[in-house]
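Those protein sequences? They're chains R and W, same order as listed.
Under our numbering, the residue at position 144 of the first sequence is numbered 144, and the numbers go up by one with no gaps.
Under our numbering, the residue at position 212 of the second sequence is numbered 212, and the numbers go up by one with no gaps.
Even glycine gets a Cβ: it sits at the ideal position worked out from N, Cα and C.
2 protein chains.
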Amino acid sequence: MRSLFSQFSIKVNDKIYLKNPDESELGKRIIESSIILIDELGIEQFTFRKLGQRIGSPESTIYRYFENKHKLLVYLISWYWCWLEYRLVFSLANIESPTERLERAIDVLTGDIEQDDAFEHIDEVKLNRIVISESAKVYLTKAVDDENKLGLFGVYKNLVDRVVVIIRELHPEFQHPHSLISTVIEGAHQQKYFAQHLPSLTDITEDGGTVQDFFKQMVFCMIVRSKR
Amino acid sequence: MRSLFSQFSIKVNDKIYLKNPDESELGKRIIESSIILIDELGIEQFTFRKLGQRIGSPESTIYRYFENKHKLLVYLISWYWCWLEYRLVFSLANIESPTERLERAIDVLTGDIEQDDAFEHIDEVKLNRIVISESAKVYLTKAVDDENKLGLFGVYKNLVDRVVVIIRELHPEFQHPHSLISTVIEGAHQQKYFAQHLPSLTDITEDGGTVQDFFKQMVFCMIVRSKR
DNA sequence: GCAGATGCGCAAGTAATACTATTATATTTG
DNA sequence: CAAATATAATAGTATTACTTGCGCATCTGC
Chain R
1 MRSLFSQFSI
11 KVNDKIYLKN
21 PDESELGKRI
31 IESSIILIDE
41 LGIEQFTFRK
51 LGQRIGSPES
61 TIYRYFENKH
71 KLLVYLISWY
81 WCWLEYRLVF
91 SLANIESPTE
101 RLERAIDVLT
111 GDIEQDDAFE
121 HIDEVKLNRI
131 VISESAKVYL
141 TKAVDDENKL
151 GLFGVYKNLV
161 DRVVVIIREL
171 HPEFQHPHSL
181 ISTVIEGAHQ
191 QKYFAQHLPS
201 LTDITEDGGT
211 VQDFFKQMVF
221 CMIVRSKR
Chain W
1 MRSLFSQFSI
11 KVNDKIYLKN
21 PDESELGKRI
31 IESSIILIDE
41 LGIEQFTFRK
51 LGQRIGSPES
61 TIYRYFENKH
71 KLLVYLISWY
81 WCWLEYRLVF
91 SLANIESPTE
101 RLERAIDVLT
111 GDIEQDDAFE
121 HIDEVKLNRI
131 VISESAKVYL
141 TKAVDDENKL
151 GLFGVYKNLV
161 DRVVVIIREL
171 HPEFQHPHSL
181 ISTVIEGAHQ
191 QKYFAQHLPS
201 LTDITEDGGT
211 VQDFFKQMVF
221 CMIVRSKR
C-alpha cells in the first residue's frame, strides 16, 4: 500500500515558499518539526529560532525556505486542504448515488483524522489540530487580499468547489451551496474546538461523532427543504 | 432618547482590565482610539506604542489599564457581545410569538450594525468590523482554558443562551441548540468576511441582506424538520 | 488647609522577536 | 576539477512587549 503512494506528493502554490521544503531532507525536517512545535506552542509562541534549535539549524537557514512564520503556516494549512481533497476524491471513487456522495463528502470534511502513512514526515493528527485552532488566522489578516491575488487560497476553493458540484447535482437551483459548504467546514472545526475548550457554546461532547450528524442534518435539511 | 441611555454602561468581567477604562476620560480615549487603530491596522500591527502616540500618552500609562493588547481586544469583543445582548433584549421586548422572537434574534445576530449614539466614545460600525476579523483570535489561543476559568467569555455564553431559550420554546427536544446558534453567529461573520475578501467561498454579495436570509433558512429548516 | 493616596507623564532599560548580512565550509553538478 | 549551491556559524539591527522608578499634579478625607 505505502509503496503506491510514496510516489505522490502534495503540490501547493509555489508562491507560498522561497524554496520547496518537499525537495530536500532539511526541508522535510522543517515541516515535520514545525507541525510538532506549532501544535505544542501555538503559532503565537512558535518562532523560527525555536524551530532551528529543534532541528539543529540556525534560523537563517529556515528563512531560506519561508519568508516568515505566517507563510509557513499558510504552507501547512494548504497542504492539509490538498491532502483532504485527495482523501475526498478517493472516498467518492466509484460511488454513484449523489446522496451517498454528499454524505461521504461531509464525513471527510467533518470527521476525525487518522494518520496517513503515505506521508511519513507529516503527522496528520497534529496537523488537524493545527488546522482547527490556527487556520482562521491564515486569512484573518490585513494581507488577505494580496495573498488571495497570489492564489494562496486556491486549494481551499478547490475543495469547496468539489462539494458544491455534488450539491448542484442533487439540487441545481439551491441558492447558497458555497456558503453552506464553507459554513460546514469552518463550523465543524469550531464545534470541535468549543467541545474541548468552551463546552457551553456547543452540544457536542468531546468524543466526536455528533459533529458529523449535526452538519449532515444541516446540509440535507437545507437542500431538501428548499427544493419545494 | 440619548439622555435615557446615557445612564447605562456596559459591564464586562472585571478581570479583563487592571483599571476600568469606563471610569476615566483617559480610559475612554484609550477605548475610542484603540477601536479606530485596530480597525485600521489589524491586531497584529497594533501596538500600545502606536496607541499612546495617538492619544498623546506614553505606553506605560496604557499598561496601567490593560495587561497587554490581547486583553484589550478581549475587552472590546466582550463589550460588543454585551451591547448586542442589550440590543437583542430590546428587539424582543413585547414580542409574543416565539417564531417572530427567533426571527428577530437572528436579525440581531446576523444583521448590519448601525452607530448607537448611547455610547459616544464607541464606534459600533468599526467595532463590528473588528469583531468580524479579530474575534476568533480571542479564543483561538493556548490561554483559552485559563481565560475561560476567569469567566472572560461569560458574556458570549449569555448571548447564546438567550437565543437557545427561544429555540427551546419552539422545539423543546431539539438536540443542538447551542451548536446551531454559535454556528450562526460565527458563520455570519465568516460569510461577510468571505464576501469581502474571498468571494469564491460564499454566495453572498457584498451588499448584505442575504446573510440574514441564509441563516434564517438554516435555523428554521433545522428546527422544523427535526420536529417530526 | 494639609497629609496621603492616586493617577499620569517622562525617561530609561530589558529581553525577546523578527528579521538581515557576512563569511566559511561542505556538497552537488556540469 | 571548477563552479554553483546549500548550509552552518556568527553577528548585528529594528521593533515589540513589556518593566521600573521618579516626580508632579490632583483629588480625598479629616
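For residue i and residue j, what's the separation of their Cα atoms in angstroms?
i	j	result
Gln175(W)	Pro98(W)	18 Å
Tyr65(W)	Ile31(W)	10 Å
Gly27(W)	Ala136(W)	25 Å
Asn13(R)	Asn148(R)	11 Å
Ile223(R)	His171(R)	7 Å
His178(R)	Leu88(W)	29 Å
Ser33(W)	Arg49(W)	12 Å
Leu84(R)	Ser57(W)	50 Å
Leu240(W)	Leu51(W)	Absent from the structure is residue 240(W), since the part of chain W shown begins at 1 and ends at 228.
Ser9(R)	Arg29(R)	16 Å
Phe215(W)	Glu114(W)	20 Å
Pro199(W)	Leu150(R)	15 Å
Thr205(R)	Glu186(R)	18 Å
Tyr86(R)	Leu180(R)	21 Å
Phe5(W)	Glu103(R)	Summary for Phe5(W): the model assigns pLDDT 46, below 50, so the residue's position carries little reliability; its value from the coordinates is reported in the next sentence. About 51 Å.
Arg168(R)	Cys221(R)	15 Å
Ile43(R)	Lys11(W)	32 Å
Tyr17(W)	Tyr75(W)	7 Å
Asp213(R)	Ile35(W)	39 Å
Arg54(R)	Glu25(R)	15 Å
Cys82(W)	Val163(W)	14 Å
Thr183(W)	Ala93(R)	31 Å
Ile95(W)	Arg101(W)	6 Å
Ser133(R)	Leu109(R)	16 Å
Ala255(R)	Asp112(R)	Look at the range of chain R in this structure, 1 to 228, and you will see that residue 255(R) is not part of it.
Val131(R)	Asn20(W)	36 Å
Asp107(W)	Ser60(R)	51 Å
Val160(R)	Ile166(R)	10 Å
Gln191(R)	Glu67(W)	29 Å
Quick check on DSSP: helix, strand or coil for residue i?
i	result
Tyr193(W)	helix
Val12(R)	coil
His176(W)	coil
Phe220(R)	helix
Ser6(W)	At Ser6(W) the pLDDT is 47, less than 50, meaning the model places this residue with poor confidence and gives no usable figure here.
Pro58(W)	coil
Ala143(R)	coil
Asn148(W)	helix
Phe214(W)	helix
Asp203(R)	coil
Arg64(R)	coil
Asp22(R)	helix
Gly52(W)	helix
Tyr17(R)	coil
Gly209(W)	coil
Ala230(W)	With chain W running from 1 to 228 in the structure shown, residue 230(W) is simply not present.
Ile113(R)	coil
Ala118(W)	coil
Ile132(W)	helix
Ile181(W)	helix
Leu127(R)	helix
Identify the continuous alpha helix (DSSP H) that holds residue i and give its terminal residues.
i	result
Gly42(W)	25–45
Asp107(W)	98–110
His70(W)	69–92
Asp161(R)	154–170
The ligand ZN and residue i: does any heavy atom of the ligand fall closer than 7 Å to the residue's C-beta?
i	result
Glu44(W)	Among the components modelled here there is no ligand, and therefore nothing to report on the ligand ZN.
Using a Cβ-Cβ cut-off of less than 7 Å, list which residues of the stretch 57–71 of chain W approach chain R; keep chain order. none
Under 8 Å (Cβ pairs) to chain W, residues found in the stretch 131–146 of chain R: Ser133, Glu134, Ala136, Lys137, Tyr139, Leu140, Thr141, Lys142, Val144, Asp145
Anything in the stretch 168–181 of chain R with a Cβ closer than 9 Å to a Cβ of chain W? List those residues in chain order, please. Gln175, His176, Pro177, His178, Ser179, Leu180, Ile181
For the stretch 181–192 of chain W, which residues have a CB atom closer than 8 Å to at least one CB atom of chain R, in sequence order? Ser182, Thr183, Glu186, Gly187, Gln190, Gln191
Can you list, in chain order, the residues of the stretch 197–217 of chain R whose Cβ is nearer than 7 Å to any Cβ on chain W? His197, Leu198, Ser200, Leu201, Thr202, Asp203, Ile204, Phe214, Gln217
If you measure beta-carbon to beta-carbon, which residues of the stretch 80–103 of chain W are closer than 9 Å to chain R? none
Short of 7 Å Cβ to Cβ, which residues in the stretch 102–118 of chain W face chain R? none
Please list, in chain order, the residues of the stretch 36–51 of chain W that have any C-beta partner in chain R closer than 8 Å. Leu41, Gly42, Glu44, Gln45
When Cβ atoms are compared, which residues of the stretch 9–40 of chain R fall closer than 8 Å to chain W? none
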